[in-house]
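Accompanying notes for the structure given below.
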Amino acid sequence: MKKLPTRAKRTMKRLAILLVLLAVVNGLGLYCVTPWRSVRIMADICDVEHPEKITRFYDPTLPIHRFALHYLVDGGDALMLCTSAYHPLAGWYDRDYCAVEAWDGAAVHAGLRMHTQGGKRTTYLFGRLDNGYIDSLSIHAAATVWEKDNTTHYEVTKVFEVPKEAIFRGKNDKRYILCPVDGLVADASEYVQYRSFRILGYDYSGAVLADEEVNFQSWSTSAD
Amino acid sequence: MNRNEYTGQVVSVMRHVTAAEIAAIREELEGHIEDRAATLVESGCPAGEAERRAIDAMGDAEEVGRALQKQYALVWLVAWRAVTIAIVWVVLCAFLFSFLGGYRVLCHVQARFFPRSHMSGSHAEWCTQELDIKINVGSDQVYIYGAGTNAGKEGTVRLYASQYDRWPLGYLSSHSIVFETEDGERLRGGGYGQSGGVRYTNWEFELPPGTDHIYAVAERYGEVTRVEVPLHWEVRE
Chain A
39 MKKLPTRAKR TMKRLAILLV LLAVVNGLGL YCVTPWRSVR IMADICDVEH PEKITRFYDP
99 TLPIHRFALH YLVDGGDALM LCTSAYHPLA GWYDRDYCAV EAWDGAAVHA GLRMHTQGGK
159 RTTYLFGRLD NGYIDSLSIH AAATVWEKDN TTHYEVTKVF EVPKEAIFRG KNDKRYILCP
219 VDGLVADASE YVQYRSFRIL GYDYSGAVLA DEEVNFQSWS TSAD
Chain B
446 MNRNEYTGQV VSVMRHVTAA EIAAIREELE GHIEDRAATL VESGCPAGEA ERRAIDAMGD
506 AEEVGRALQK QYALVWLVAW RAVTIAIVWV VLCAFLFSFL GGYRVLCHVQ ARFFPRSHMS
566 GSHAEWCTQE LDIKINVGSD QVYIYGAGTN AGKEGTVRLY ASQYDRWPLG YLSSHSIVFE
626 TEDGERLRGG GYGQSGGVRY TNWEFELPPG TDHIYAVAER YGEVTRVEVP LHWEVRE
């Protein structure tokens with residue numbers, strides 16, 4: 039007489055099938071079960087080899103970021119700030135990303151990732167400090183701001199002093215930069231053409247040790 | 446009480462049991478009763494009496510039902526249904542996206558092994574020379590598969606390449622190749638199209654007829670790969 043399988047056994051068997059299925063679809067990238075899998079996909083797109091998670095944070099300012107996690111990753115030759123968002127149909131998927139090359143021996147490598155949705159905007163500065171003597175940083179932005187009549191415009195230069203707490207040490211003992219940037223770029227309602235962003239690094243006495251270009255990437259999502 | 450009535454009484458005290466489980470429980474209990482009755486019949490007991498004794502030996506129907514209930518706890522029914530829904534959901538979503546994944550695999554196979562099948566129009570007419578030059582750029586590969594030249598007029602060279610991630614379900618990066626002369630002069634001109642995770646690029650340069658080679662250069666994070674691309678000149682109308 040065949041013994042009846044218990045509910046517990048049947049459930050555990052089915053759970054094992056689910057786990058195998060999740061492992062397969064996650065591994066193939068068809069349905070990312072974990073946010074890190076989609077981070078690996080974004081790293082592939084940005085050509086960041088062997089990405090290592092430096093930090094992860096949550097910022098729901100934009101509606102599209104309410105079910106999303108932001109990652110700062112370092113692949114040695116390149117850094118990336120990216121967002122992995124979740125949707126039940128798609129799993130964790132690539133929402134936005136910005137990569138910065140970091141192989142050239144420069145003292146600081148920095149990127150600015152801006153994302154606009156409706157009337158809201160978030161801008162994050164991220165990067166890596168490869169000069170141990172740099173004590174403070176500032177970002178200098180040059181932009182053209184257009185008036186609503188689309189003919190009048192003027193040039194602006196803004197400076198953002200990077201707060202000391204934005205510089206932190208990762209588990210790999212390297213120093214990184216990560217902070218939201220307010221006031222450096224215009225409101226979402228203004229039409230601005232950014233011409234350049236530069237990052238300056240200073241030692242404790244205020245002497246300039248580094249002056250590098252910042253890679254700026256802008257994303258835009260339609261309002262819900 | 447016959448076996449049907451007995452098993453009916455057993456399952457009547459059980460809660461949160463599905464129809465399939467009820468059928469399986471009744472089948473098992475009836476099987477036990479049948480086996481016991483068969484043994485009694487073999488030892489000389491009449492069939493009707495044997496069944497009655499077999500049923501009595503099973504014990505009180507309600508007690509049996511309560512004992513069986515422990516194996517059918519509600520929490521496992523909920524868990525089983527949740528896991529089943531999750532499996533169906535993942536299969537549906539993966540099935541939807543597997544079309545995209547399957548399409549990308551097809552595009553990858555075409556770009557890697559049959560890139561010429563992608564060509565049409567003037568490009569197909571121009572691409573008369575077969576090349577087989579593969580350059581790795583990070584996790585991508587650039588495959589220069591064809592060329593066409595015209596020694597008439599200014600001397601025109603067209604080169605054709607496909608680019609894909611070496612993993613069929615991988616993603617293309619923005620790194621690619623450029624071309625330069627023996628002297629290191631960068632050559633410019635061309636366009637590309639991208640779909641299904643692969644990129645097809647064609648370049649067109651003007652070079653002195655008789656130039657026997659140029660170089661394909663891949664630069665990636667400070668590493669430079671330089672590969673010679675031979676040129677064979679034709680005269681076209």
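As given, the protein sequences belong to chains A and B, one line each in that order.
Here this note's numbering runs 38 ahead of the position in the first sequence, where the first position is 1.
Here this note's numbering runs 445 ahead of the position in the second sequence, where the first position is 1.
The beta-carbon is built from N, C-alpha and C at its ideal position, and this holds for glycine as well.
Source: prediction; values computed, not measured.
N- and C-terminal bounds of the beta strand (DSSP E) containing residue i
{"i": "Thr154(A)", "result": "Val146 to Gln155"}
{"i": "Ala465(B)", "result": "Run containing Ala465(B): none in the beta strand (DSSP E); it sits in the alpha helix (DSSP H), Ala464 to Glu487."}
{"i": "Met118(A)", "result": "Ala116 to His125"}
{"i": "Ala502(B)", "result": "Element bounds for Ala502(B): not the beta strand (DSSP E) but the alpha helix (DSSP H), Ala492 to Met503."}
{"i": "Trp130(A)", "result": "Gly129 to Glu139"}
{"i": "Val230(A)", "result": "Tyr229 to Tyr240"}
{"i": "Arg159(A)", "result": "Lys158 to Leu167"}
{"i": "Val197(A)", "result": "His191 to Val200"}
{"i": "Thr594(B)", "result": "Asp585 to Asn595"}
{"i": "Arg671(B)", "result": "Glu668 to Pro675"}
{"i": "Cys70(A)", "result": "From DSSP, Cys70(A) is part of no beta strand (DSSP E); its letter is neither H nor E."}
{"i": "Asn647(B)", "result": "Val643 to Glu651"}
{"i": "Ala245(A)", "result": "It is not in any beta strand (DSSP E) - Ala245(A) carries neither H nor E in the DSSP assignment."}
Straight-line gap, residue i to residue j (C-alpha atoms, nearest Å)
{"i": "Gln512(B)", "j": "Leu474(B)", "result": "In the sequence as presented, Gln is not what sits at residue 512(B); that position holds Ala. For Ala512(B) and Leu474(B), the distance between alpha carbons rounds to 13 Å."}
{"i": "Ala482(B)", "j": "Glu472(B)", "result": "15 Å"}
{"i": "Cys572(B)", "j": "Gly593(B)", "result": "5 Å"}
{"i": "Leu167(A)", "j": "Asp97(A)", "result": "24 Å"}
{"i": "Phe559(B)", "j": "Gly547(B)", "result": "17 Å"}
{"i": "Val252(A)", "j": "Ala181(A)", "result": "14 Å"}
{"i": "Leu57(A)", "j": "Gly65(A)", "result": "12 Å"}
{"i": "His658(B)", "j": "Leu676(B)", "result": "5 Å"}
{"i": "Leu541(B)", "j": "Thr656(B)", "result": "51 Å"}
{"i": "Gly638(B)", "j": "Ala606(B)", "result": "11 Å"}
{"i": "Glu199(A)", "j": "Leu100(A)", "result": "24 Å"}
{"i": "Ala106(A)", "j": "Ser122(A)", "result": "5 Å"}
{"i": "Glu679(B)", "j": "Gly597(B)", "result": "8 Å"}
{"i": "Pro653(B)", "j": "Ala661(B)", "result": "18 Å"}
{"i": "Phe206(A)", "j": "Cys217(A)", "result": "10 Å"}
{"i": "Tyr171(A)", "j": "Glu203(A)", "result": "16 Å"}
{"i": "Asp610(B)", "j": "Ala81(A)", "result": "13 Å"}
{"i": "Glu570(B)", "j": "Tyr131(A)", "result": "41 Å"}
{"i": "Gln608(B)", "j": "Gly641(B)", "result": "11 Å"}
{"i": "Arg159(A)", "j": "Arg104(A)", "result": "14 Å"}
{"i": "Glu466(B)", "j": "Ala261(A)", "result": "50 Å"}
{"i": "Ala502(B)", "j": "Gly489(B)", "result": "17 Å"}
{"i": "Gly591(B)", "j": "Ala539(B)", "result": "37 Å"}
{"i": "Val455(B)", "j": "Thr44(A)", "result": "17 Å"}
Short Cβ contact (7 Å threshold) for residue i with residue j
{"i": "Thr259(A)", "j": "Ile79(A)", "result": "no"}
{"i": "Gln255(A)", "j": "Cys120(A)", "result": "no"}
{"i": "His563(B)", "j": "Pro613(B)", "result": "no"}
{"i": "Ile237(A)", "j": "Val146(A)", "result": "yes"}
{"i": "Glu651(B)", "j": "Glu575(B)", "result": "no"}
{"i": "Ile580(B)", "j": "Val669(B)", "result": "no"}
{"i": "Thr49(A)", "j": "Trp521(B)", "result": "yes"}
{"i": "Tyr109(A)", "j": "Val77(A)", "result": "yes"}
{"i": "Val462(B)", "j": "Tyr517(B)", "result": "yes"}
Candidates the options, of which the one nearest residue i by Cα
{"i": "Asp249(A)", "options": "Asp134(A), Arg45(A) and His178(A)", "result": "His178(A)"}
{"i": "Cys70(A)", "options": "Pro126(A), Asp82(A) and Tyr171(A)", "result": "Pro126(A)"}
{"i": "Met118(A)", "options": "Ile92(A), Ile55(A) and Pro201(A)", "result": "Ile92(A)"}
{"i": "Val111(A)", "options": "Leu56(A), Cys84(A) and Leu68(A)", "result": "Cys84(A)"}
{"i": "Val674(B)", "options": "Arg681(B), Ala663(B) and Gly667(B)", "result": "Ala663(B)"}
{"i": "Glu193(A)", "options": "Ala140(A), Val63(A) and Glu185(A)", "result": "Glu185(A)"}
{"i": "Gly636(B)", "options": "Val623(B), Trp678(B), Ala495(B) and Val458(B)", "result": "Val623(B)"}
{"i": "Val62(A)", "options": "Ala464(B), Glu494(B), Val536(B) and His568(B)", "result": "Val536(B)"}
{"i": "Leu59(A)", "options": "Val528(B), Leu519(B), Gly489(B) and Asp501(B)", "result": "Val528(B)"}
{"i": "Ala116(A)", "options": "Gly510(B), Ser618(B), Glu625(B) and Ala492(B)", "result": "Ser618(B)"}
{"i": "Gly113(A)", "options": "Trp130(A), Ala261(A), Trp141(A) and Gly129(A)", "result": "Trp141(A)"}
{"i": "Lys209(A)", "options": "Glu90(A), Arg52(A) and Leu68(A)", "result": "Glu90(A)"}
{"i": "Ile578(B)", "options": "Ser567(B), Ser584(B), Arg557(B) and Gly566(B)", "result": "Arg557(B)"}
{"i": "Thr189(A)", "options": "Gly165(A), Leu175(A), Arg159(A) and Val230(A)", "result": "Val230(A)"}
Range of the contiguous alpha helix (DSSP H) that encloses residue i
{"i": "Ala512(B)", "result": "Ala506 to Gln514"}
{"i": "Met50(A)", "result": "Arg45 to Leu66"}
{"i": "Trp74(A)", "result": "Pro73 to Ile83"}
{"i": "Asn449(B)", "result": "Arg448 to Ser457"}
{"i": "His568(B)", "result": "Gly566 to Trp571"}
CB contact below 7 Å: residue i versus chain C
{"i": "Tyr637(B)", "result": "The structure shown has no chain C; the protein chains it does contain are A and B."}
When you check each C-beta in the region 603-620 of chain B against every C-beta of chain A, which residues fall closer than 9 Å?
Within the region 603-620 of chain B, the residues whose Cβ lies closer than 9 Å to some Cβ of chain A are Asp610, Trp612, Leu614, Gly615, Tyr616, Leu617, Ser618, Ser619 and His620, listed in chain order.
Along the region 65-98 of chain A, what residues have a CB closer than 8 Å to any CB found in chain B?
Considering only beta carbons, the part of the region 65-98 of chain A lying closer than 8 Å to chain B consists of Leu66, Gly67, Leu68, Tyr69, Ile79, Asp82, Ile83, Cys84, Asp85 and Glu87, in chain order.
Pull out every residue of the region 134-168 of chain A whose Cβ sits closer than 7 Å to any Cβ of chain B, in chain order.
Those would be Glu139, Trp141 and Asp142, in chain order.
What residues in the region 512-532 of chain B bring their beta carbon closer than 8 Å to a beta carbon of chain A?
Within the region 512-532 of chain B, Gln516, Tyr517, Ala518, Trp521, Leu522, Ala524, Trp525, Val528, Thr529, Ala531 and Ile532 place their CB atoms closer than 8 Å to a CB of chain A, listed in sequence order.
Output, in sequence order along the chain, the residues in the region 43-66 of chain A whose CB is closer than 7 Å to any CB in chain B.
Legend: CB atoms of the region 43-66 of chain A lying less than 7 Å from CB atoms of chain B belong to residues Thr44, Arg45, Ala46, Arg48, Thr49, Arg52, Leu53, Ile55, Leu56, Leu59, Leu60, Val63 and Leu66.
Using a beta-carbon distance cut-off of less than 8 Å, what residues from the region 105-137 of chain A approach chain B?
If the cut-off is 8 Å between Cβ atoms, the region 105-137 of chain A has Asp115, Ala116, Pro126, Leu127, Ala128 and Gly129 near chain B.
Which residues, in order along the region 646-672 of chain B, keep a beta-carbon less than 9 Å from a beta-carbon of chain A?
Listed by position along the chain: Arg665, Tyr666, Gly667 and Glu668.
Got a sec: which bits of the region 574-585 of chain B sit with their beta carbon under 9 Å from any beta carbon on chain A, in order along the chain?
When CB distances to chain A are screened at a threshold of 9 Å, the residues of the region 574-585 of chain B falling below it are Val582, Gly583, Ser584 and Asp585, in chain order.
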